[in-house]
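Below: the structure, in structure tokens.
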Amino acid sequence: MNMIGQSIDRVEDDDLLQASTRFVGSLAFENMLHMHVVRSPYAHARLKNVTVGKAASAPGVVAVWTGNDIRELPPIGFRRIPDRDLLQHRQPVMALDELRYVGEPAAIVLATDPCLAEDAGRLIAINAEIRPPVLDCGTETDARTEARMRGSNEVARIEKGYGDVEAAFAAAEHKISISCRLARQTAVPMETRGAIAVPHPAAAGFDLYGAAKVPHANRQELARILSLDIGGVVLREGHAGGGFGVRGELYPEDVLVAFAALRLGRPVKWIEDRSEHFLAINHSRDQTIHLNAAVSKTGIIAALRARITTDQGAYLRTHEIKVSDLSCAFLPGPYRIPAYQATATVHLTNKTPCGTYRAPGRFEATFAMERMIDAIARTLELDPVEVRRRNLISAADMPFDRQIEATGKRVVYDSGDYLQTLDTAIRAFDLPELRRSAEERRQRGECIGIGLAMFVEKTDTALHETARLELAADGKIEIVTGTSSLGQGMETALAQIAADGLGFPIDVFRIVRGQTDRISQSGGTFASRTTVMAGSAIHEASRIFRRKLIETSAALLGATTEVITLRRDGCCINGRNVALSELRAMIDASAHSTQLIAEADFSSGAMACPYGVHIAQVKVDPDDLSVTVEKYHIAYEIGRAVNPDLVKAQLLGGAMQGIGGALMEEISFSSDGQPLTTSFADYVTPRIVDVPAFEILLLEDWPSPTNPLGLKGAGEGGINAAGAAVAAAVEDAFAAKIAPRRLPITPKALFDLLSKTDDGLISPLRRR
Amino acid sequence: MYPASFRYHRPSGLHHALELLSRHKADAAILAGGQSLVPRMNLRQATPENIVDLNRIADLSKLAVVNDVLEIGAMVRHQSFCCEAAIGFLSLPSGFAELLGRMADTIGNLPIRLRGTIGGSLANASPKAQWALLSFLLDADIVIENAGGTRCERYTQFVKGDGRTTLKPDDLITNVRIKVPPAEWRYGFAQLAPQPNRPASAFALVAITLEDARVRDCRIAIGACTPVPCRLHALEDWLSGRRASVSGSDDLVEIAAAAVRQQGGESQPYIEHLAVVATTRAIAQAVEC
Amino acid sequence: MEDTELHTISFTLNGVTQRLRVAARRSLTDVLGQECGMKSAHMGCGQGDCGSCTVSVDGVPIRGCLLFAVQADGADIRTAEALANPDSLAAIRNAFKKHRAIQCGYCTPGFMVLADYILRNELSLDQAIQTLSANLCRCTGYSPIVSAVADLLAARAERGSGP
């Protein structure tokens, strides 16, 4: 039975539709306490003391702790240490001597009821000496207060490159520079974070509910911080209401619930509220990218210089400076660019720390690179598509070694034909017709534009992945993985791979995921790796399982393996059907048989690189300057789609999120560092009225050679080029009289941009 | 995310409600639709000790036309105006009824409109509130009661600034009164925001009458961009008597811009631009409808 | 201030009468989730912005986070677990599933309540889109939710005009 490639229904849905599944918010345990976090109201201050007396004696309160009470806990570590010097910038679990952003945990209250915990929290006074906040990159800071920063707030510098950039610039016919800016944004999953720690007897460990993304890595880090044996820390994942990179990192609150549960010997629950979420969860983007290109008169890029500045916020969290590293590494995208030099500087400011958000570093890099291509086209009066065509890496150069590393791993594009995909997309979406009809509407006075952008994504394969198949007591085959479900439908995709390997129908399988006591290892779920890595491990495990199943059946039934065939939900021996449940009972009854378990590990030397083309059609209201995305088309090379509908769903959801990033979403701060976006009313995300007509073309022309199934990741290709495509479309709508190089392109931003041009664009009312 | 504790009162009649307000005065908050108060309570930006819930006082949800005056009970929900079944019986002039529906339709979203009330909206005196704009254009009166008696105030006088009104702690808005406009009135309403899906940063409401393709009378109010809504009298004067076709002209844009600038509510050029766009759009709608 | 004062309330939840003692400050969403075991009671923002908590109160969709449970005394409440009409509930579930209108599932109960309201009130597709725009989803890109509801409306129209 060929299960790979079929758009079967999601195995997750019945559970979610019947609301029979619990998200962490609705879990409760006997004798449970509730934690409330008291947060810094200041962007920057020296912490003198925290007065907790009144709170400690308030009704229902069991404990109140400040940073001083947990001084023994080390700061939260990185998952990778690019430079030991950076460790000094890790975030403490609670503020100790300095408050460095609004929202930084300063005290916690443990009470019998969440209302009472919050009541008591209001009685806590934070006494602090307020200092001027650092809010910009490149700000010179007071050496006394910022001893940890090197005279400026720059804390890290990343250099990457290859080729003779100097020579290329010296010989260049054109030198083209642009500056791009991406506002601070975040993912805002619909479910806020939550965690419940249930202590084991004698404080030997705990179960932590609400886990996601990287349970195994977090188990290890929690054990380290809390000085526990790793076996004592068990992470438990239930359903999670969206991840997008921000959920599931190890945050202070996760450590705090575990710490409190251990010390108090009672389960402790914490549920983030939405305004806390906007202060506490990782922010992202917030980069300025200056590009200089040395270009021939035919539009071929001979060299590229990139200068990237990242506003990292107050601390380096679990992802340290990874996003800036990725921006440097993936900026050249699908283009040859024979010489490249990138410098990224990472700056600490008094804002919420940043981390990864769907297509981290790549959403930013693609935006800048594609804006550069469009700038070249404009300068040389060439068709933007033609400039792309002339610079694309050719299929003959695959696999293409970029000669640089991304987070310590060589960037090699594994497979593909970028030119072919571009042409396929142009044909499939009829770009000439889109352009013609846009031109026609422009003639009629409408403000319509078409934008195209290309990108290369990466599927992270840096960590290996273990998977296990087990015949359970009820006759189901459990697929045990440490990767994580964040809503993407991974249970379905992984079950399809196992079903494909074994030839059993999908309902034979049950996914067990995110339970660290059920499987020894997992890299986790990020960088579109789950289906590729866990899927490959499951594919291998299912082969082993199949062999063992046949051998065990043969032994139990006294037959030779040759006469055994697998059928619907078991095996068939000489005309006799033995169901899996029956087989399991026979194994249990037999003194000689061992349980049917197959484990496999998958690792890959190279990253799989999906890629694609986005085409956006926008309409700008000439008066109020609001931008409507009318059409959005994506062509995406996935290698091989396990479940095409689910891949499309990922692309579509990602694109909508990207359109939000392109047109609406922006986290902002007042001049004294107070966040101005702490609710969905302030942080504007797309709604149904903003949905364009989507068309998605999945291509399976270039299976990845990096894994046995030829898979490439699906999670980030939808968002990657959305900023670039929408900006190009807006530029086109104004016949390239403006060049939007700052995201989001709000009507206000467009107004300001148009105000700077002097050809009357801003007085459209007068055109009538 | 949990409000501070409070005592909950659910008066069954107006008299009881007024008595509670008189007893608790500044320690009490009035719970009407709750779509503005409760979000603030959830963030503990509002921490009233007593909540007086008006939702069971049937008398406050009445709608009637009495002597050509539309009387709207303070607890009438926004969504009622979107619903023929709820206001059809009033036999309002069709243009006016349609305007009420159109304006209501732009408030929040369906669940918000189903709970939020006109009285709550007017009491909050938010410059971004549709009913405040309407009340300024049509010189609405509001009936205010307390344990000591009843008074009637012109809404334009009642509002003193962004969120500030003449309401005393024991006062309760019970009714809104709007003189039903003549059937010949034509309306335009336009609102604009600097980001999609956001409440208006500028909106404009226009009522005109036409005679021989000329504007006979007109009223123009803008809001959201100013701390309180305001009438653009200079523009009204300019427009009165002119040919209706002026609505698309550059002259109108310029006069509108000057009138908006005169109000000086927002110093941001973009918001000012939005106000001009909203005003000219609303005028064009009124002329063309 | 501690919640010394508890209120005895009763309401019909998915057709079954519930009697509860609640503190006045507990929202309907909080009480449905924590006291009544409704797993579909999802708090998303507590500000009425996102609609994850949308439930049907006396036949209309309401933000559960902005209604104190004590205010729901005597009300008829329906959640995504058991919308008014079992046939319609099954149809909504099937349409959501078929069109991939679910990813993480957190916003799903709120959208199901809106879909149920749209069907019961026989709204046009345009009205349906406006209505659905009340709620936020961050996974699906919405287009599958629109397709699911459009499909439901089309099926209803077909049944209505058929023999």
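Residue numbers (our numbering), protein chains in the order written: chain V, 1201 to 1968; chain L, 2 to 290; chain X, 21 to 183. For each residue, glycine too, the CB sits at the ideal point set by N, CA and C.
Simplified DSSP state of residue i, which is helix, strand or coil
i	result
V:V1264	strand
V:F1880	coil
V:R1747	helix
V:A1914	coil
V:C1771	strand
X:D93	coil
V:W1470	strand
X:S30	strand
V:Q1291	coil
V:D1648	First, the residue type needs correcting, since residue 1648 of chain V is Ile and not Asp in the sequence shown. The answer is strand: DSSP assigns V:I1648 an E or B state.
L:A287	helix
L:L21	helix
X:S47	strand
V:I1326	strand
V:V1309	strand
L:Q264	helix
V:F1629	coil
Rounded C-alpha distance that separates residue i from residue j
i	j	result
V:A1575	V:R1636	22 Å
V:D1454	V:I1797	33 Å
L:G249	V:M1864	31 Å
X:S60	X:G68	16 Å
V:S1904	V:S1736	12 Å
V:M1733	V:S1684	12 Å
V:A1383	V:R1942	8 Å
V:G1465	V:A1320	21 Å
L:V229	L:D140	14 Å
L:G189	V:L1227	52 Å
V:D1970	V:A1458	There is no way to answer for residue 1970 of chain V, as the model of chain V reaches only from 1201 to 1968.
V:D1932	V:A1855	20 Å
V:R1710	V:V1398	25 Å
X:Q54	X:R46	10 Å
V:H1833	V:R1589	19 Å
V:D1342	V:D1209	Reliability of the predicted coordinates at V:D1342 is poor, the pLDDT of 47 falling under 50, and the value obtained from them is presented with this limitation in mind. Using only the alpha carbons, I get a separation of about 59 Å.
L:R282	L:L253	11 Å
V:A1806	V:V1211	31 Å
Buried versus exposed, by CB contacts within 10 Å (16 or more), residue i
i	result
L:C153	exposed
X:R41	exposed
X:I82	buried
V:R1627	exposed
V:Q1385	buried
X:S30	exposed
L:S6	buried
Beta-carbon proximity of residue i to residue j, cut-off 7 Å
i	j	result
V:I1276	V:L1450	yes
V:A1816	V:V1926	yes
V:A1412	V:G1443	yes
V:D1823	L:V207	no
V:L1825	X:I122	no
V:P1389	V:G1448	no
L:I284	L:C226	no
Are three or more beta carbon pairs between the region 1421-1439 of chain V and the region 1839-1857 of chain V nearer than 8 Å? Cβ pair count under 8 Å is below three, so no.
Could you name the residues of the region 18-45 of chain L whose beta carbon sits closer than 7 Å to any beta carbon of chain B, in the order they occur along the chain? Structure shown: chain B not included; protein chains present are V, L and X.
Counting Cβ pairs, one atom from each stretch, are 3 or more of them under 8 Å apart for the region 1400-1408 of chain V and the region 1474-1489 of chain V? no
Does the region 1771-1788 of chain V come into contact with the region 1716-1733 of chain V, if we say contact requires no fewer than three beta-carbon pairs (one atom in each stretch) closer than 8 Å? no
Determine, using beta-carbon pairs with one atom in the region 13-33 of chain L and one in the region 159-177 of chain L, whether at least three such pairs fall under 8 Å. yes
Does the structure place the region 34-46 of chain L close enough to the region 111-124 of chain L that three or more beta carbon pairs sit under 8 Å? yes
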